[in-house]
Amino acid sequence: AKMMKYLLLKPLGTEELPTLKELTTSEICEVWSGTSQYIRRQLSKKRAVEIGVGTFALVPTCAAVGDNKFLPVERPVFQPCKYLKKFYKLKCVKTKIPDKTPCVQLDFEQIATDIHFHQEIVERCIHETLLFFAGALQEKKEVEFSF
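1 is the number of the first residue of the sequence shown in UniProt numbering; add one for each residue after it.
The structure is reproduced here in C-alpha cells:
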C-alpha cells in the first residue's frame with residue numbers, strides 16, 4: 001500500500017529529503033498552500049482527499065443555535081490511516097467518515113498548474129514533507145499540520 005512508505009523503522013537521514021533541502025521555506029509553503037486549496041476545493045464538492053498518511057473529509061454534525069435548536073452542519077476532519085495510528089501508537093479521536101463519501105487522491109498535476117511549479121517538484125515536496133512528518137512521529141515529537 002501507498003502509505004507503507006511512511007512507516008519508518010529507523011530515523012530519517014537528510015539524504016532522504018533532497019527536495020526539501022533544495023527548496024526555500026517560502027517555496028515549500030507555496031506547495032502546501034496550493035495543496036490546501038486543492039483539498040478545500042475537493043471538500044466543497046463533498047469529496048474526501050487521501051494524502052498518504054490519512055484522509056481529509058467532511059463529517060456531519062449539529063451546531064447549537066439557541067434554546068434546544070440545532071443546525072445540521074459539516075465539520076472538516078483529518079483521519080490518520082489505521083496502519084499509521086497503530087504503527088506509531090497514536091491516540092486520535094475516532095471519527096467515522098461516511099461510507100458514501102467519494103475519495104480522491106491528490107492531483108499533483110492540478111496543484112502544480114495552480115501554483116506554476118513543475119509537477120515532479122510538487123509531488124516530491126509533498127512526499128518528503130510527509131516522510132518528515134512520519135520521522136517526527138517515529139521520534140515521538142509533537143507535530144501539527146494546519147490547513
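Idealized CB from N, CA, C, for every residue including glycine. Here the structure is a predicted model, which means the values were calculated and not measured.
Can you look up Arg-75 in the DSSP assignment and give me helix, strand or coil?
Indexing the sequence shown from 1 puts residue 75 at position 75. Residue state, collapsed to three classes: strand.
Any idea what DSSP makes of Cys-125, helix, strand or coil?
Position 125 of the sequence shown holds residue 125. Cys-125: helix per DSSP, three-state reduction.
Alpha helix (DSSP H) containing Leu-43: first to last residue?
Here residue 43 is taken as the residue at index 43 of the sequence shown, counted from 1. First-last of the alpha helix (DSSP H) with Leu-43: 25-44.
Does the segment 53-66 come close enough to the segment 113-129 that 3 or more CB-CB pairs lie under 8 Å?
Not touching, per the Cβ criterion.
Please list the terminal residues of the continuous beta strand (DSSP E) segment that includes Phe-56.
Position 56 of the sequence shown, counting from 1, holds the residue named residue 56. Where Phe-56 is concerned, the enclosing beta strand (DSSP E) starts and stops at 54-66.
Which residue marks the beginning of the alpha helix (DSSP H) containing Glu-50, and which one marks its end?
What you label residue 50 is simply residue 50 of the sequence shown in a count that begins at 1. No alpha helix (DSSP H) contains Glu-50, which is instead part of the beta strand (DSSP E) from 48-50.
Mark Arg-124 as exposed unless 16 or more other C-beta atoms lie within 10 angstroms of its C-beta, in which case mark it buried.
The residue labelled residue 124 in the question sits at position 124 within the sequence shown. Burial call: buried.
Run the CB neighbour count on Val-134, radius 10 Å, all protein chains shown included, and call it buried at 16 or more, exposed below.
Stepping through the sequence shown from its first residue, residue 134 is reached at position 134. The residue you asked about is not Val; residue 134 is Ala in the sequence shown. By the neighbour-count definition (other C-beta atoms within 10 Å, threshold 16), Ala-134 is a buried residue.
For Thr-61, count the other beta carbons within 10 Å of its own beta carbon; 16 or more makes it buried, fewer makes it exposed. Which is it?
For the purposes of this step, residue 61 is identified with residue 61 of the sequence shown, where counting begins at 1. With fewer than 16 Cβ atoms within 10 Å of its Cβ, Thr-61 is classed as exposed.
Out of Lys-100, Glu-15 and Val-143, which has the shortest C-alpha to C-alpha gap to Val-59?
Within the sequence shown, the letter at position 59 stands for residue 59. Comparing Cα-Cα distances from Val-59 to each of Lys-100, Glu-15 and Val-143, the minimum goes to Lys-100.
Between the segment 106-125 and the segment 33-47, do three or more beta carbon pairs fall short of 8 Å?
yes
Skipping 5 residues on each side, what residues in its chain have a beta carbon closer than 6 Å to that of Val-65?
In the sequence shown, residue 65 corresponds to position 65, counting from 1. Within the same chain, Val-65 has close Cβ partners Leu-71.
Which of helix, strand or coil does DSSP assign to Pro-80?
Translated into the one-based positions of the sequence shown, residue 80 becomes position 80. Residue state, collapsed to three classes: strand.
On the CB-based measure, 16 or more other CB atoms within 10 Å of its CB, does Val-73 come out buried or exposed?
Along the sequence shown, one-based indexing puts residue 73 at 73. Answer is exposed; the Cβ neighbour count stays below 16.
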